[in-house]
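Okay, so the sequence shown: first residue is 1 according to UniProt numbering, each after it adds one.
Yeah, the Cβ is synthetic: ideal placement off N, Cα and C, and Gly gets one too.
Only a predicted model underlies this, so the values are computations on that prediction, with no experimental measurement involved.
Remarks on the structure that follows.
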Amino acid sequence: GFWLSPRGTQLVFEAVDESHIPPYRIQHQGETKGLSTTLTTETDMRKASTVTYEEHRYPFAGTDNPKVRLGVTRTDDADDDADASMDAVVWFDLEQVFGEDFYLAKVEWLKPTDDTKDSTQIVVQLLDRRQKNLALLLADCTTGKLTTLHMETA
């Protein structure tokens, strides 16, 4: 996912790496192009009996989940400065809360304190793998610093 800041000068985004998860094939056997009484040629028969499929990387229960990172970048280069470049990404260390296996449940920009400036903070909700612990975090988009606001346990 991605979240544009209130004034549109920053973009928070989720980077997902699922390359380590094996693909899962879903076959489409009951499509409307199936066998028909009007088939006349061998080519028609071959086309009608072809099974199509799609593949998705699906993490089954007990296997590895995709690796998730959360970053923020500027959408403008008003300063024309190398440090303000759109290529610069501030990454948040979400693994410090529950380790590397967690779910990113929600991201939301906080309203800026000064209406003439854009927000520099987001609120992030994380769940642990077992979904028994929820962390509410305040994230500073300029430094990448995370502050725990609340922890909840089921």
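### Message
Classify Ser5: buried if its beta carbon has 16 or more other beta carbons within 10 angstroms, exposed otherwise.
### Response
Counted from its first residue, the sequence shown places residue 5 at position 5. Buried, since its Cβ has 16 or more Cβ neighbours within 10 Å.
### Query
Taking the continuous beta strand (DSSP E) assigned at residue 157, which residues delimit it?
The structure shown does not extend to residue 157, since the chain spans only 1 to 154, so no value can be given for it.
### Query
Between Met86 and Gly71, what straight-line distance do the alpha-carbon atoms span, to the nearest angstrom?
Residue mapping note: residue 86 aligns to position 86 of the sequence shown, counting from 1. Residue mapping note: residue 71 aligns to position 71 of the sequence shown, counting from 1. At Met86 the pLDDT is 49, less than 50, meaning the model places this residue with poor confidence; the figure from the coordinates comes in the next sentence. For Met86 and Gly71, the distance between alpha carbons rounds to 12 angstroms.
### Task
Kindly give me the distance between the Cβ atoms of Trp3 and Trp109, rounded to whole angstroms, as I take these residues to be in contact under 8 angstroms.
Here residue 3 refers to the residue found at position 3 when the sequence shown is read from its first residue. Here residue 109 refers to the residue found at position 109 when the sequence shown is read from its first residue. So it is a contact: roughly 6 angstroms between Cβ atoms.
### Query
Roughly how many angstroms lie between the CA atoms of Gln96 and Ala105, to the nearest whole one?
Stepping through the sequence shown from its first residue, residue 96 is reached at position 96. Stepping through the sequence shown from its first residue, residue 105 is reached at position 105. Cα-Cα distance, rounded: 16 angstroms.
### Query
Sorted by chain position, which residues of the same chain lie with C-beta nearer than 6 angstroms to Glu55's C-beta, five sequence neighbours on each side aside?
On the sequence shown, residue 55 is found 55 positions in, with the first residue counted as 1. Taken in chain order, the residues that qualify are Pro23 and Arg25.
### Query
CA-CA distance, Arg129 and Glu42?
Reading the sequence shown from its first residue, position 129 is the one you call residue 129. Reading the sequence shown from its first residue, position 42 is the one you call residue 42. When rounded, the distance between both Cα atoms is 52 angstroms.
### Message
Tell me the residue span of the beta strand (DSSP E) that contains Glu54.
### Response
Taking the first residue of the sequence shown as 1, we reach residue 54 at position 54. Residues Thr52 to Arg57.
### Query
Does the distance from the C-beta atom of Thr120 to that of Leu137 stay below 8 angstroms?
Locating residue 120 in the sequence shown gives position 120, counting from the first residue. Locating residue 137 in the sequence shown gives position 137, counting from the first residue. No, the Cβ-Cβ distance between Thr120 and Leu137 is not below 8 angstroms.
#### Entry: With 16 other Cβ atoms within 10 Å as the buried cut-off, status of Phe102
Numbered from 1 along the sequence shown, position 102 holds the residue referred to as residue 102. Burial call: buried.
### Query
Looking only at C-alpha atoms, which of Gln131, Asp140, Gln125 and Glu18 sits nearest to Asp118?
Taking the first residue of the sequence shown as position 1, residue 118 is located at position 118. Taking only the C-alpha atoms, the option nearest Asp118 is Asp140.
### Pairwise C-alpha distance: Thr50 and Ile122
Mapped onto the sequence shown, residue 122 falls at position 122. Mapped onto the sequence shown, residue 50 falls at position 50. Whole-angstrom Cα-Cα distance: 49 angstroms.
### Task
Mark Arg74 as exposed unless 16 or more other C-beta atoms lie within 10 angstroms of its C-beta, in which case mark it buried.
Looking up residue 74 in the sequence shown gives position 74. By the neighbour-count rule (16 or more Cβ atoms within 10 Å), Arg74 is buried.
### Task
Could you check how far apart the C-beta atoms of residue 202 and Glu18 are, in whole angstroms? I think they sit under 8 angstroms.
This structure cannot settle anything about residue 202, because the visible part of the chain is limited to 1 through 154.
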